[in-house]
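When we follow the numbering used here, the leftmost residue of the sequence shown carries the number 5, and every step to the right adds one.
Beta carbons: idealized from backbone N, C-alpha and C, even for Gly.
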Amino acid sequence: MTIWSDGLAFGSGGLVGFSLGLIGGGGSILATPLLLYVVGLTPPHLAIGTGALAVAANAFLNFTNYARRGTVRWRSALVFAIVGSVGAFVGSSVGKAINGDRLLFLFGLLMLVVGGLMLRTKRSAPVTAQDEDARPWLAAATALVVGLAAGFFGIGGGFLIVPGLIFATGMPMINAIGTSLLAVGAFGLTTAVNYALSGLIDWTVAAEFIGGGFVGGLIGMRLASHLSQFKSALNIVFASLIFVVAIYVLYRSGLTLFT
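Here is the structure:
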């Protein structure tokens, strides 16, 4: 690793952490493309495993900040983290067995879906804790499906988890963002452990990515409350970025698959 590549890993991690701290997601889906095409980490499975570990660490760091603010709904957080981690382990096991470029192509398609979800997510009305816990089976089923997808693609799944939490529990957006980060961390850690068992993590790059994510997360958290009135605009900006990166991922992986 050179000083230049070290800086790229740190900066890429900062972007992911900033997004997680500011809007509770978005950045995790960018981790693998950043590691592949900015940091230059190959093969694809190595980037996926390393990204999963880095995203997990960044999510846990941001989760502690939201927990201190009292915005975490703990029952839902634990249900999603525990049940979803089972799905993440199964999904990551399947993902490891698939050709890396084919997995990246599917990943690019998922990014298009995630970008769409970011644009469609709306703030829900507040609900009581009793209302939130009324359908635990729905929360568990949603967590399992989201965990499978997160593990398969090696992502934290923040923008799958946030709408999943709102759908299953009806909790407000601010609570869904804080609550989702425990599941993001759990899914990423489960996937990372699975990939580590196959030697598919670059520990040096992961450490630099995590360090950048910590700094970016602090900045994002500090800005979150000040920019809350611009949440819709921020979602559009991040969704647009995800669409652009998705097209690039589809292009690069498609060249290998179809030529």
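Status (buried if at least 16 other CB within 10 Å, exposed otherwise) for residue i
i, result
"residue 146", "buried"
"residue 134", "Residue placement at residue 134 is flagged as unreliable, the pLDDT there being 44, under the threshold of 50; a coordinate-derived value is accordingly withheld."
"residue 275", "Since the first residue shown for the chain is 5 and the last is 263, residue 275 is missing from the structure and cannot be characterised."
"residue 268", "Residue 268 cannot be examined here, being either before or after the span of the chain that is shown, 5 to 263."
"residue 257", "buried"
"residue 183", "buried"
"residue 170", "buried"
"residue 96", "buried"
"residue 196", "buried"
"residue 180", "buried"
"residue 263", "exposed"
Start-to-end residues for the alpha helix (DSSP H) that takes in residue i
i, result
"residue 105", "104-124"
"residue 87", "78-100"
"residue 49", "48-72"
"residue 199", "177-200"
"residue 214", "207-228"
"residue 150", "140-157"
"residue 44", "From DSSP, residue 44 is part of no alpha helix (DSSP H); its letter is neither H nor E."
"residue 164", "162-173"
Close Cβ partners of residue i (< 7 Å) along its chain, the five nearest in sequence each way excluded
i, result
"residue 15", "216"
"residue 143", "80, 83, 84, 172, 173"
"residue 210", "54, 57, 58"
"residue 249", "34, 37, 115"
Cβ neighbours of residue i in the same chain (closer than 8 Å, five flanking residues each side left out)
i, result
"residue 123", "239, 240, 243"
"residue 45", "39, 51, 54, 206, 209"
"residue 164", "118, 121, 150, 153, 154"
Cutoff 6 Å; reference residue i; Cβ partners in own chain excluding five residues on either side
i, result
"residue 154", "92, 161, 191"
**Message:** With a threshold of 8 Å, are at least 3 pairs of Cβ atoms found where one atom belongs to the region 47-66 and the other to the region 74-88?
**Reply:** With a cut-off of 8 Å, the region 74-88 and the region 47-66 do not count as touching, because too few Cβ pairs lie within range.
**Asked** Does the region 174-191 come close enough to the region 84-91 to have 3 or more Cβ pairs within less than 8 Å?
**Response** Contact between the region 174-191 and the region 84-91 is established, with three or more Cβ pairs separated by less than 8 Å.
**Prompt:** Looking at C-beta atoms only, is the number of pairs between the region 104-123 and the region 61-69 that lie closer than 8 Å three or more?
**Reply:** With fewer than three CB-CB distances shorter than 8 Å, the region 104-123 does not count as touching the region 61-69.
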